[in-house]
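Report on the structure given below.
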Amino acid sequence: MKHDPKASHCQCGGKMSRRGFITALGVGAAGVAATGAMTARTATAKETPMIPSGEMARIDLTVNDRAHTLLVEPRWTLLHVLRESLGMTGTKAGCERGECGACTVLIDDIPRYACLTLAMEVQGRRIVTLEGLMEGEKLGPVQEAFLEEDAFQCGYCTPGQIVAAEGLLRADPNPSSETITRAMSGNLCRCGTYPHIHNAIQSAAGKRR
Amino acid sequence: MESREHRLISGRGQYADDLDFPGMAHLVFVGSPHAHARIVRLDVAEAEAVPGVIRVITGADVVEHTHPLPVQANFTSPGWTWRLAEVYAMPADKVRWHGEPVAAVVAEDERTARIAADKIQVEYDPLPVVAGAEDALKPNAPKLYDDWPDNKQVHLKFDFGDPDAAFKEADRVITVSNREGRVTGLPIEGRGCVGHYDRGKGTLTMWGAFQTPYLQRHNIAAAMGLPEARVSINAVDIGGAFGLKIHAWKENVVALASKLTGRYVKWFEPQRDFIVTGPHQRDVSWQGEVAVKNDGTLLGLRATVTHDLGVESTQKGIAALSIFPACSSPCNMYRWKGMHIEGIGAVTNKSFYCAYRGYGKDKGIKFIEAVINRVARELNMTPEAIRFKNFIQPDEFPFKAINNYVLDNGDYPGTLNRALEMVDVDKWRAEQEKGRAGGRHIGIGIVTSIEPAGVAVPNCQMGGLTQARVAICPDGTVEVDSDRTEIGQGSEISHVNIVSGILGCKKEDVYVRPVTSETIGQGPLSSRGAVWPASAVAKAAKQLRAKVDRFAASMFDATVDDIRIADGVIGCGKDTEKQLTFAEFANKAFFFPGPRRLPKEVLLEHEQLLSVTTTWYSPSTPESGSSYTTFCTSADIAVVEVDTETGVTKILKYAHVHDAGTVISKKVIDGQIHGGIVQGIGEALMEELKYDRNGQLLNTSFAEYLIPTAVEAPVIEIAHLVTPSPFSETGAKGMGEAPIIGSKAVILTAVEDALSPFGILVEDSPASPERVRAWVNGSKGDEQ
Numbered sequence: 000m001k002h003d004p005k006a007s008h009c010q011c012g013g014k015m016s017r018r019g020f021i022t023a024l025g026v027g028a029a030g031v032a033a034t035g036a037m038t039a040r041t042a043t044a045k046e047t048p049m050i051p052s053g054e055m056a057r058i059d060l061t062v063n064d065r066a067h068t069l070l071v072e073p074r075w076t077l078l079h080v081l082r083e084s085l086g087m088t089g090t091k092a093g094c095e096r097g098e099c100g101a102c103t104v105l106i107d108d109i110p111r112y113a114c115l116t117l118a119m120e121v122q123g124r125r126i127v128t129l130e131g132l133m134e135g136e137k138l139g140p141v142q143e144a145f146l147e148e149d150a151f152q153c154g155y156c157t158p159g160q161i162v163a164a165e166g167l168l169r170a171d172p173n174p175s176s177e178t179i180t181r182a183m184s185g186n187l188c189r190c191g192t193y194p195h196i197h198n199a200i201q202s203a204a205g206k207r208r
Numbered sequence: 000m001e002s003r004e005h006r007l008i009s010g011r012g013q014y015a016d017d018l019d020f021p022g023m024a025h026l027v028f029v030g031s032p033h034a035h036a037r038i039v040r041l042d043v044a045e046a047e048a049v050p051g052v053i054r055v056i057t058g059a060d061v062v063e064h065t066h067p068l069p070v071q072a073n074f075t076s077p078g079w080t081w082r083l084a085e086v087y088a089m090p091a092d093k094v095r096w097h098g099e100p101v102a103a104v105v106a107e108d109e110r111t112a113r114i115a116a117d118k119i120q121v122e123y124d125p126l127p128v129v130a131g132a133e134d135a136l137k138p139n140a141p142k143l144y145d146d147w148p149d150n151k152q153v154h155l156k157f158d159f160g161d162p163d164a165a166f167k168e169a170d171r172v173i174t175v176s177n178r179e180g181r182v183t184g185l186p187i188e189g190r191g192c193v194g195h196y197d198r199g200k201g202t203l204t205m206w207g208a209f210q211t212p213y214l215q216r217h218n219i220a221a222a223m224g225l226p227e228a229r230v231s232i233n234a235v236d237i238g239g240a241f242g243l244k245i246h247a248w249k250e251n252v253v254a255l256a257s258k259l260t261g262r263y264v265k266w267f268e269p270q271r272d273f274i275v276t277g278p279h280q281r282d283v284s285w286q287g288e289v290a291v292k293n294d295g296t297l298l299g300l301r302a303t304v305t306h307d308l309g310v311e312s313t314q315k316g317i318a319a320l321s322i323f324p325a326c327s328s329p330c331n332m333y334r335w336k337g338m339h340i341e342g343i344g345a346v347t348n349k350s351f352y353c354a355y356r357g358y359g360k361d362k363g364i365k366f367i368e369a370v371i372n373r374v375a376r377e378l379n380m381t382p383e384a385i386r387f388k389n390f391i392q393p394d395e396f397p398f399k400a401i402n403n404y405v406l407d408n409g410d411y412p413g414t415l416n417r418a419l420e421m422v423d424v425d426k427w428r429a430e431q432e433k434g435r436a437g438g439r440h441i442g443i444g445i446v447t448s449i450e451p452a453g454v455a456v457p458n459c460q461m462g463g464l465t466q467a468r469v470a471i472c473p474d475g476t477v478e479v480d481s482d483r484t485e486i487g488q489g490s491e492i493s494h495v496n497i498v499s500g501i502l503g504c505k506k507e508d509v510y511v512r513p514v515t516s517e518t519i520g521q522g523p524l525s526s527r528g529a530v531w532p533a534s535a536v537a538k539a540a541k542q543l544r545a546k547v548d549r550f551a552a553s554m555f556d557a558t559v560d561d562i563r564i565a566d567g568v569i570g571c572g573k574d575t576e577k578q579l580t581f582a583e584f585a586n587k588a589f590f591f592p593g594p595r596r597l598p599k600e601v602l603l604e605h606e607q608l609l610s611v612t613t614t615w616y617s618p619s620t621p622e623s624g625s626s627y628t629t630f631c632t633s634a635d636i637a638v639v640e641v642d643t644e645t646g647v648t649k650i651l652k653y654a655h656v657h658d659a660g661t662v663i664s665k666k667v668i669d670g671q672i673h674g675g676i677v678q679g680i681g682e683a684l685m686e687e688l689k690y691d692r693n694g695q696l697l698n699t700s701f702a703e704y705l706i707p708t709a710v711e712a713p714v715i716e717i718a719h720l721v722t723p724s725p726f727s728e729t730g731a732k733g734m735g736e737a738p739i740i741g742s743k744a745v746i747l748t749a750v751e752d753a754l755s756p757f758g759i760l761v762e763d764s765p766a767s768p769e770r771v772r773a774w775v776n777g778s779k780g781d782e783q
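In order, the protein sequences belong to chains R and E.
Per numbering that gives the first Met the number 0, the first sequence starts with residue 0, numbered consecutively.
Per numbering that gives the first Met the number 0, the second sequence starts with residue 0, numbered consecutively.
Below you can see the structure in the form of structure tokens.
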């Protein structure tokens with residue numbers, strides 16, 4: 000099955016790569032298809048011996064307004080599923096223990112660390128990643144502001160910064176300078192781009208109005 | 000064409016962790032829990048039995064299949080100590096620091112590799128631990144390297160000018176000391192790469208967070224025992240580097256893993272490993288005395304700076320070399336009569352020393368700036384007055400300093416004057432007086448510095464290598480190659496600005512290609528990007544422009560003086576009929592180059608292709624031996640308030656004046672200034688890697704090793720002066736390290752000023768809340 004970025008319900012669960020192939024299931028509307036796919040995976044598992052790591056569970060995730068049905072291990076984090084199962088590498092792995100904010104995503108509009116969030120616990124919630132802030136090929140307003148204000152250097156923490164800023168502006172469309180600083184304090188930037196990030200959020204607030 | 004900026008903002012960056020190849024296996028390292036121990040037994044059977052594990056690589060495998068890591072710097076002057084150790088990428092017999100890898104697991108996926116890694120059983124025989132430089136240098140200290148007489152890896156001795164005469168002339172000699180904590184640059188992205196050894200061709204290709212692909216190719220090929228010509232190193236998007244990704248160490252194990260398994264092998268370093276086994280810096284202490292006249296004239300310095308290198312630092316990392324700039328930089332921007340400086344590097348059971356923004360220049364300047372401010376206080380002078388008295392003046396350039404640096408130019412008094420215009424220090428001093436009466440402790444710090452940039456020194460791999468290529472493609476687009484990897488410091492946009500400015504093409508038509516080991520060069524380090532690679536790129540672009548002018552003149556039947564190029568259009572005088580776009584021009588030049596289009600001499604000279612490859616070397620270094628080419632100038636003024644109850648320092652005002660010569664991109668420079676200042680504030684107030692007596696690193700996460708967040712970043716006011724350097728092709732000066740040099744010095748001197756009623760000398764950093772509290776508690780108890 001081919002990855003179709005335009006489809007409202009993805010038929011593959013990510014790009015066709017080793018990364019996506021192992022765990023992402025294609026399911027249409029019919030459950031039969033899912034069974035078939037699961038069977039297929041078991042066969043694959045026999046050919047390539049993998050570590051037995053507990054039961055795989057079937058979950059439904061809504062990421063950037065698209066529904067995905069996947070097989071996951073209960074211990075897998077949302078970060079792992081986004082990057083490895085769905086092949087959505089816009090969300091970055093930093094410390095992977097809730098300290099740096101590089102993996103920030105929105106869950107029902109609230110910024111959360113995807114590395115500390117289990118994929119299973121966010122079923123039925125609205126997950127938004129950096130890719131979801133794009134308007135087609137166009138940058139969203141917060142992204143545009145980051146670009147204009149030169150609010151990044153190496154770019155590694157940037158997806159998390161942009162998503163955290165988006166979350167802030169959804170909650171408070173007109174944040175004070177102090178609010179911006181506090182709201183962004185969970186996102187580390189070692190390049191020290193904080194002053195430009197601050198400017199970008201102020202500018203983005205204007206753009207969104 | 001999509002710009003790098005647009006690509007990263009939309010989440011399409013391709014960093015090491017984003018790489019994915021068919022059949023790619025994953026590698027994870029297993030580290031030692033001991034700081035110093037013999038490896039008695041290493042059992043991998045249980046790990047190899049885990050389904051999905053492809054192979055376990057041990058130190059013994061590394062010793063069997065690879066060579067010792069190559070020596071990157073070797074100085075053997077008489078009277079100096081410079082020791083080398085034989086080290087492999089992983090040890091077979093002995094571990095020398097907490098976390099040192101002893102094995103690596105290669106598995107189908109990372110999680111399987113981690114599960115298997117936990118099943119590797121290692122029996123250690125612990126050895127006595129050398130927990131710091133002071134212990135290391137004691138007689139009878141346990142030795143790290145059995146074939147060395149002691150733990151001293153480096154001892155350098157310098158006489159600059161005439162130190163004895165300087166001290167003879169002195170009205171007073173003041174004893175000074177200073178220490179700074181061990182830190183790590185710690186980009187948010189760890190190190191990482193994918194290696195692929197092609198068994199058929201005998202070639203090794205690697206992609207990843209490589210800051211210096213050309214040097215890394217040399218070092219990886221040497222360790223792997225492969226011909227360099229068969230190795231290719233390719234930089235992908237790099238999530239910050241700051242010097243921490245210039246070396247090649249664990250990367251060799253990844254290469255070996257691919258060679259032994261025939262698979263693409265990926266390794267992406269978790270943050271904890273990056274801290275525990277990553278390059279460290281600073282951790283120095285200074286002891287010395289300064290000679291001055293009572294009118295504030297600086298005369299001389301005698302000082303010894305002792306470095307805690309961790310394990311050896313000429314192979315895994317290359318920072319024993321940073322002892323040189325630490326020893327030379329105290330001259331800073333002042334006239335001195337003489338200095339005697341000794342630099343010592345001791346090996347200890349800590350992670351290795353490598354580059355981090357500053358690379359020793361920061362140490363010398365931080366030290367001397369603290370010293371000068373102390374001298375000023377003793378002489379009852381202001382910090383600004385003592386500097387104005389001792390600055391090298393604008394009409395003295397180029398100035399050969401006693402440390403052999405040839406200072407290009409600048410306006411040192413003008414730089415400080417500009418900063419004093421931005422901050423009304425007299426007003427703040429009155430505020431300070433007023434505050435003290437009410438128990439508020441405000442401190443004002445003033446620091447001025449130059450940044451030696453663009454290193455070229457003998458006896459090491461940093462000899463001054465750079466190469467660039469600028470070419471117009473047949474469709475009129477322009478491609479640029481250099482050794483300047485994009486690590487977030489603005490290489491790409493800088494080269495776009497330089498090339499489009501010289502060629503007259505459109506900015507969006509310039510593509511700066513990812514850096515590979517095909518281009519010769521040291522990469523971006525020592526703030527050399529704007530000096531060496533940018534000069535080479537500018538030089539190539541100028542030569543290419545001359546070709547375009549010559550070819551266009553021939554096509555238009557005109558002279559080169561008639562050729563005008565702007566915004567992608569090549570025109571001829573005022574004749575609007577005679578115009579070519581770059582695409583039209585390139586098409587004619589490449590595909591219809593016959594004698595009617597190009598001057599026949601061009602064809603006879605084989606100069607017809609629109610591609611120029613060139614190199615560049617510092618104009619000042621060959622004659623003078625100056626290790627650096629440009630010296631940007633900065634002045635930092637900070638006002639802080641220290642809460643003596645909690646020990647917390649708050650920055651009330653921060654001003655930075657900068658003169659980096661010609662401005663290639665103001666946005667890039669401002670970003671570098673912000674970033675360097677924020678990192679310097681981290682070093683001054685928060686950051687310190689803490690090892691216990693057993694050599695265990697105690698703070699191994701962002702939760703314990705604190706770096707500045709948005710909350711700690713102050714409002715930074717910036718002013719630019721522009722004194723173009725005569726020594727670089729564009730007039731630009733290297734500036735990436737200047738802000739960290741000034742900021743950590745200025746914050747600490749401001750804290751000292753704030754605490755002066757307690758008689759506290761800030762001789763140790765960071766000035767963390769607990770340390771400030773200890774100082775206050777240890778002072779005479781009451782404010783004097």
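Built from N, CA and C at the ideal position, the CB exists for glycine as well.
Cutoff 7 Å; reference residue i; Cβ partners in own chain excluding five residues on either side
i      : result
E/V86  : P67, L68, E311, Q314, K315
E/E122 : V39, R40
R/M55  : L70, V71, E72
E/G160 : W335, K336, G337, M338, I401
R/A203 : P140, V141, A144, A164, L168
Own chain residues within Cβ distance below 8 Å of residue i, not counting five before or after
i      : result
E/S767 : G646, L684, M685, E687
E/A59  : L41, A91
E/V128 : A34, H35, P141, N348, R692, N693, G694
E/L203 : G194, H195, Y196, D197, I219, A220, M223, L225, R229, V230, S231, A254, S257, K258
Helix, strand or coil at residue i according to DSSP, with G and I counted as helix
i      : result
R/W75  : coil
E/K244 : coil
E/I569 : strand
E/I862 : Any property of residue 862 of chain E remains undetermined from this structure, which presents chain E solely from 0 to 783.
E/I636 : strand
E/F590 : helix
E/G359 : coil
E/L143 : coil
E/L399 : For the sequence presented, residue 399 of chain E should be read as Lys rather than Leu. DSSP places E/K399 in strand when its eight states are reduced to three.
Cβ neighbours of residue i in the same chain (closer than 6 Å, five flanking residues each side left out)
i      : result
E/C353 : H246, P278, G316, A318
E/T612 : R468
E/S499 : K506, V509
Supposed contact pair residue j and residue i - C-beta distance, whole angstroms, cut 8 Å
i      : j      : result
E/C631 : E/E450 : 5 Å
E/I680 : E/H655 : That belief does not hold up - the Cβ atoms of E/I680 and E/H655 are roughly 12 Å apart, past 8 Å.
E/H217 : R/H195 : About 36 Å; that fails the 8 Å criterion.
E/P765 : E/E682 : 6 Å
E/V745 : E/I663 : That belief does not hold up - the Cβ atoms of E/V745 and E/I663 are roughly 26 Å apart, past 8 Å.
Could you please tell me which residues of the segment 144–156 of chain R, in chain order, have their CB closer than 7 Å to any CB of chain E?
Residues F145, L146, D149, F151, Q152, C153, G154, Y155, C156.
Inside the segment 101–176 of chain R only - alpha helix (DSSP H) runs reaching at least 4 residues:
140–147, 157–170
Only counting runs of 3 or more residues, tell me where the beta strand (DSSP E) segments fall wholly within the segment 48–100 of chain E, in order along the chain.
Unbroken beta strand (DSSP E) runs of no fewer than 3 residues, entirely contained in the segment 48–100 of chain E, are found at 52–57, following chain order.
Pull out every residue of the segment 241–271 of chain E whose Cβ sits closer than 9 Å to any Cβ of chain R, in chain order.
F241, F267, P269, Q270, R271
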